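Undergrad: With full-length UniProt numbering applied, the sequence shown covers 1 to 89.
Below: one structure in C-alpha cells.
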Amino acid sequence: MAVKETTSNKTQEKARTKAEAQKAKSPEKQLKVKLVRSLIGRPKQQREVVKGLGLRKINSEATRKDCPEIWGMINKVPHLVEVEELEKK
C-alpha cells in the first residue's frame, strides 16, 4: 500500500513541476479591470460580482490574472467595467 502512495506522490510531483515549467516559459497575462459605471440601483448579484473583482468606487482599478474565472465575472457586468490586457514582464 505504501509503495502505491509513493508512486502517486512522484506522479503528482512530476505534474506539478511540468506546470511550473510551463508557467515559467510564457509570461502570465494580467487584466486591468476598471469600474466605469455606478452600482447604485444595480441588482445585488452584479454588486457582488464587482466586489469580487476587487472594485469599490467608480474609476477604481484592479489587476487580475487572465483566467476563465475572471472573464466569467467580467462577462456578467460588461456594461459596468472596462478591461485592458497587460503582459507581465
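Quick reminder that beta carbons are idealized off the backbone N, C-alpha and C, glycines included.
Model, not experiment: these values are computed from the prediction.
Could you round the C-beta distance between V83 and L55 to whole angstroms and report it? I think they count as a contact, below 8 Å.
TA: On the sequence shown, residue 83 is found 83 positions in, with the first residue counted as 1. On the sequence shown, residue 55 is found 55 positions in, with the first residue counted as 1. Contact flag wrong, Cβ pair sits at about 12 Å.
Undergrad: How long is the line joining the alpha carbons of K57 and C67, rounded to whole angstroms?
TA: Counted from its first residue, the sequence shown places residue 57 at position 57. Counted from its first residue, the sequence shown places residue 67 at position 67. If I take the Cα positions, the gap works out to 24 Å.
Undergrad: V83 lies in the alpha helix (DSSP H); which residues open and close that run?
TA: As a working mapping, residue 83 is identified with position 83 in the sequence shown. From DSSP, V83 is part of no alpha helix (DSSP H) but of the beta strand (DSSP E) over 81-87.
Undergrad: DSSP puts L61 in a beta bridge; with which residues?
TA: Mapped onto the sequence shown, residue 61 falls at position 61. For the sequence presented, residue 61 should be read as Glu rather than Leu. Its beta-bridge partners are K34.
Undergrad: Here's the rule I'm using: 16 or more other beta-carbon atoms within 10 Å means buried, otherwise exposed. How should V49 be labelled?
TA: For this step, residue 49 is matched to residue 49 along the sequence shown. V49 should be labelled buried.
Undergrad: For P43 and K29, what's the separation of their Cα atoms in angstroms?
TA: What you label residue 43 is simply residue 43 of the sequence shown in a count that begins at 1. What you label residue 29 is simply residue 29 of the sequence shown in a count that begins at 1. P43 and K29 have their C-alpha atoms some 30 Å from each other.
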